[in-house]
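For reference, the structure discussed in these notes is given below.
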Amino acid sequence: MLKIIAFPDDGDSIFPMIVCNKVREGDKRIVRLKEGNPAAHHVVIVDDLV
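In this note's numbering, the protein residues as written are 403 to 452.
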């Protein structure tokens with residue numbers, strides 16, 4: 403099975419990539435899929451690397 407790493411923002415990667423948008427609706431923060439298809443894949447979400 404192919405493994406995919408998902409980044410919440412645009413970026414470079416050697417893996418197939420999924421791009422999400424963070425949206426604020428009132429007090430809620432919602433992550434929505436922007437690009438890519440995570441169906442049938444194991445996905446790791448990477449956020450706020452420093």
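Note that the Cβ used here is the ideal one computed from N, Cα and C, for glycine as well. Keep in mind that this is a model prediction, so the values were computed, not measured.
| Asked | Found |
| --- | --- |
| Can you look up H443 in the DSSP assignment and give me helix, strand or coil? | coil |
| Helix, strand or coil for V421? Go by DSSP, reduced to three states. | strand |
| Using a 10 Å radius around the Cβ and a threshold of 16 neighbouring Cβ atoms, would you call I420 buried or exposed? | buried |
| Could you check how far apart the C-beta atoms of R431 and C422 are, in whole angstroms? I think they sit under 8 Å. | Actually they do not touch by this definition, with Cβ atoms about 11 Å apart. |
| Quickly, what does DSSP pair V433 with across the bridge? List them, please. | K424 |
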